[in-house]
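Trainee: There's a structure below that I have some questions on.
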Amino acid sequence: DSKINIVVEGCCHGALDEIYASVAQIEQRRGVRVDLLICCGDFQALRNEDDYTSLAVPPKYRAMESFYKYYKGEKTAPVLTLVIGGNHEASNYMVDLFHGG
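Going left to right, the sequence shown walks through residues 84 to 184 as the numbering used here numbers them.
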């Protein structure tokens, strides 16, 4: 059996810990291994508070969340993750990864 299991997530907002926990629940509940996670829009790859200057959201919606832990190497993504940027991105970081990362 050569099925590929893909999870699609919308509007991540940097909350990778919660998303990866949901992927683990899906794997456990269905008895499968997820091969790919696709995050569609508003990924918000905030590495530190300096990234807020290039984030196009009102200040009341700014939250560091957990992306920075993966960026710093404190945590490792448990599944291959593809990001499709949206209109609420830290554009200074995304421009550094113009051809992907």
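For every residue, glycine included, the Cβ atom is placed at its ideal position computed from N, Cα and C.
1. Starting from T164, follow its DSSP beta bridges and name the residues at the other end.
2. When the distance is taken between beta carbons, is V91 closer than 8 Å to I121?
3. Any chance the region 156 to 172 sits against the region 119 to 139, with 3 or more Cβ pairs inside 8 Å?
4. Grouping DSSP H, G and I as helix and E and B as strand, with all else coil, what is L99?
5. If I'm right that S149 touches G93 with Cβ under 8 Å, what's the distance once you round it to whole angstroms?
Mentor: Reading it off the structure:
1. In the DSSP output, where bridge partners are listed per residue, T164 has L120.
2. With respect to V91, I121 sits close: the two C-beta atoms are nearer than 8 Å.
3. As far as the Cβ criterion goes, the region 156 to 172 touches the region 119 to 139, which means the pair count is three or higher.
4. Residue state for L99 is assigned as helix, using DSSP reduced to three classes.
5. Rounded, the Cβ-Cβ distance is 17 Å, inconsistent with contact.
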